[in-house]
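Colleague: Quick one: the structure is below, and I'll ask about it shortly.
Protein chains: 2
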Amino acid sequence: MTEPNRKINLPPEKEIDRLASFFSIFGDSTRIRILLVLADGEFCVADIASILEMGVSAISHQLRILKQAQLVRSRRNGKNLFYSLADSHVHSIISQGVEHINE
Amino acid sequence: MTEPNRKINLPPEKEIDRLASFFSIFGDSTRIRILLVLADGEFCVADIASILEMGVSAISHQLRILKQAQLVRSRRNGKNLFYSLADSHVHSIISQGVEHINE
DNA sequence: TTAACAGTTGAACAATTGTTCAAATGATGG
DNA sequence: CCATCATTTGAACAATTGTTCAACTGTTAA
Numbered sequence: 002m003t004e005p006n007r008k009i010n011l012p013p014e015k016e017i018d019r020l021a022s023f024f025s026i027f028g029d030s031t032r033i034r035i036l037l038v039l040a041d042g043e044f045c046v047a048d049i050a051s052i053l054e055m056g057v058s059a060i061s062h063q064l065r066i067l068k069q070a071q072l073v074r075s076r077r078n079g080k081n082l083f084y085s086l087a088d089s090h091v092h093s094i095i096s097q098g099v100e101h102i103n104e
Numbered sequence: 002m003t004e005p006n007r008k009i010n011l012p013p014e015k016e017i018d019r020l021a022s023f024f025s026i027f028g029d030s031t032r033i034r035i036l037l038v039l040a041d042g043e044f045c046v047a048d049i050a051s052i053l054e055m056g057v058s059a060i061s062h063q064l065r066i067l068k069q070a071q072l073v074r075s076r077r078n079g080k081n082l083f084y085s086l087a088d089s090h091v092h093s094i095i096s097q098g099v100e101h102i103n104e
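Which chain is which? The protein sequence lines are A and B, in order. Each number in the working numbering comes from the position in the first sequence (counting from 1) with 1 added on. Each number in the working numbering comes from the position in the second sequence (counting from 1) with 1 added on.
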């Protein structure tokens, strides 16, 4: 014990957990690819699956996570559900990631 | 086949994978807490462990991940290794996450 | 050299995650 | 209503992850 611990003010645990959950949404390449597709416009589930060459179910599962995080919206048109980006932050968050890894 | 698929230009798979790996580093609350501690200054491993009330080994494992991602640096002083933030992006990336979850 | 300390490492474990499959839901047009 | 299409859902599985523990490395001071 040479010195008393410096006092550090961390945000409450709950907020840190929410922050970590938020970032882990971007921590999966399928979800990033979905977001990049939707950056180009509105698409229904089957289209996204076809573009990414993946099963419809896998895409649907991921869309649910993105929707819960309020990163995408959906709109029904006939039998189709069209998904689109819900948030303007998405672009800038991804951009900052790109910036970091390209330095 | 009613319509040809719209052409979407995604970044190469390798870059998307690196992006996902980068974001998943922020997807763990221990690592976020370490980064927030280091936002206050330089600390050695045992101090971080004490502040976060965790084992030294757990912190060391996470610091290795943060260092590989070039988010922290270390500097030896005697028996101690002092860690500090390596990158100015860290603040703004976390800030953007906070912004999103508080809207 | 030795003892003590600071930190790292690797194996092990439980917990969480993403994808697949099959079955269910819900909307549409005939 | 019925058949069909688009999507969702839940269970199952393998793969990945974070923490713990014990052993190890490396530095310092005596």
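From the three backbone atoms N, C-alpha and C, an ideal C-beta is built for every residue, glycine too.
1. Is there at least one Cβ from chain A nearer than 8 Å to B/His101's Cβ?
2. I believe A/Leu37 touches B/Leu11 by the beta-carbon criterion, under 8 Å. Please report the beta-carbon distance rounded to the nearest angstrom.
3. Put B/Leu86 into one of helix, strand or coil per three-state DSSP.
4. Name the DSSP beta bridge partners of B/Arg32, please?
5. At which residues does the beta strand (DSSP E) containing A/Asn78 begin and terminate?
6. Where B/Ser93 and A/Gly98 are concerned, what is the direct C-alpha to C-alpha distance, given to the nearest angstrom?
7. Please list, in chain order, the chain B residues whose beta carbon lies closer than 8 Å to that of A/His90.
8. Below 7 Å CB to CB, which residues in the same chain sit around A/Gln71 once its five sequence neighbours on both sides are set aside?
9. Could you tell me which chain A residues have their CB closer than 7 Å to the CB of B/Ile33, listed as they occur along the chain?
10. In chain order, what residues of the same chain have a beta carbon less than 7 Å from the beta carbon of A/Asn103, not counting five sequence neighbours either side?
11. Output, in chain order, the set of chain A residues within a Cβ distance shorter than 7 Å of B/Gly28.
12. Quick check on this structure: which residue in A/Ile66, A/Tyr84 and A/Asn78 has the alpha carbon closest to the alpha carbon of A/Ile26?
13. Got a sec, what are the start and stop residues for the alpha helix (DSSP H) B/Asp18 sits in?
14. Report the partner residues of B/Phe81 according to the DSSP bridge assignment.
15. Closer than 7 Å by beta-carbon distance: list the chain A residues that pair up with B/Val38, in chain order.
16. List the residues of chain B whose Cβ lies closer than 7 Å to the Cβ of A/Ser58, in chain order.
17. Quick one: list the residues of chain A neighbouring B/Ile94, beta-carbon separation under 7 Å, in chain order.
Modeller: Based on what the coordinates show:
1. yes
2. 6 Å
3. strand
4. In DSSP, B/Arg32 forms no bridge with anything.
5. Val73 to Asn78
6. 11 Å
7. Gln97, Glu100 and His101
8. Ala87 and Asp88
9. Ile17, Leu20 and Ala21
10. none
11. Ala21, Phe24, Ser25 and Gly28
12. A/Ile66
13. Glu14 to Ile26
14. Note on identity: in this sequence residue 81 of chain B is Asn, with Phe being the wrong assignment. Answer is B/Asn78, bridged to B/Asn81.
15. Ile9
16. What A/Ser58 touches in chain B: nothing, since even the nearest Cβ is about 20 Å away.
17. Gln97
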